[in-house]
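Colleague: Below you will find the structure I want to go over with you.
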Amino acid sequence: MPGADDRSPGSDVAPSGTNAPRRTTSTRPASTRLGNRRSNVSQVPRAVVGASLALARTFKIIDPDLKNPATEQWERAIRVFELLL
187 MPGADDRSPG SDVAPSGTNA PRRTTSTRPA STRLGNRRSN VSQVPRAVVG
237 ASLALARTFK IIDPDLKNPA TEQWERAIRV FELLL
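When you line the sequence shown up against this note's numbering, it's residues 187 to 271, in that order.
Here it is in C-alpha cells:
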C-alpha cells in the first residue's frame, strides 16, 4: 500500500495525496548557500575608507592650501562625486 514509508531515502518530494512536509537536504556548506554576502559585508569598511580618502584628495585638488573646508568647498567636492558616481 503506497504511503509515507514508500519514499526513497533522500527524496525531497512528498508522495502525492499526502500532506507530509517536503524534506530538503542541502549538500552545500552554509558559506556557499549564503553566497558572498559575508565577504561583501567585510568589504564595506574598505569602501568607506576608500571614499573618505578620495574625498580628502578631491579637496586637495580643488584647493591645495585648504585646511578646514567650508560649505562652499563641501558642495564642490560633492558635485565632483555626484558627477563620477
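Where a beta carbon is used, it is the ideal one built from N, C-alpha and C, also for glycine.
1. Which of the three DSSP states is assigned to Pro255 in this structure?
2. Is it right to say Ala256 is buried, meaning 16 or more other beta carbons lie within 10 angstroms of its own, or is it exposed?
3. Look at the alpha carbon of Pro250 and the alpha carbon of Ser228, and state the distance between them as a whole number of angstroms.
4. Going along the chain, which residues of its own chain have a beta-carbon closer than 6 Å to the beta-carbon of Thr244, five neighbours each way excluded?
5. Between the C-alpha atoms of Arg232 and Ser238, what's the straight-line distance to the nearest angstrom?
6. Roughly how many whole angstroms lie between the Cα atoms of Trp260 and Leu252?
Modeller: Per the coordinate set shown:
1. Pro255 falls in the coil class under three-state DSSP.
2. Residue environment analysis places Ala256 among the exposed positions, since fewer than 16 neighbouring C-beta atoms fall within 10 angstroms of its C-beta.
3. Those two C-alpha atoms are separated by around 33 Å.
4. Residues Ala263 and Val266 of the same chain have their beta carbon placed closer than 6 Å to that of Thr244, with the five preceding and five following residues left out of the count.
5. Answer to the nearest angstrom: the Cα atoms are 10 Å apart.
6. As the crow flies, the alpha-carbon of Trp260 is around 11 Å from that of Leu252.
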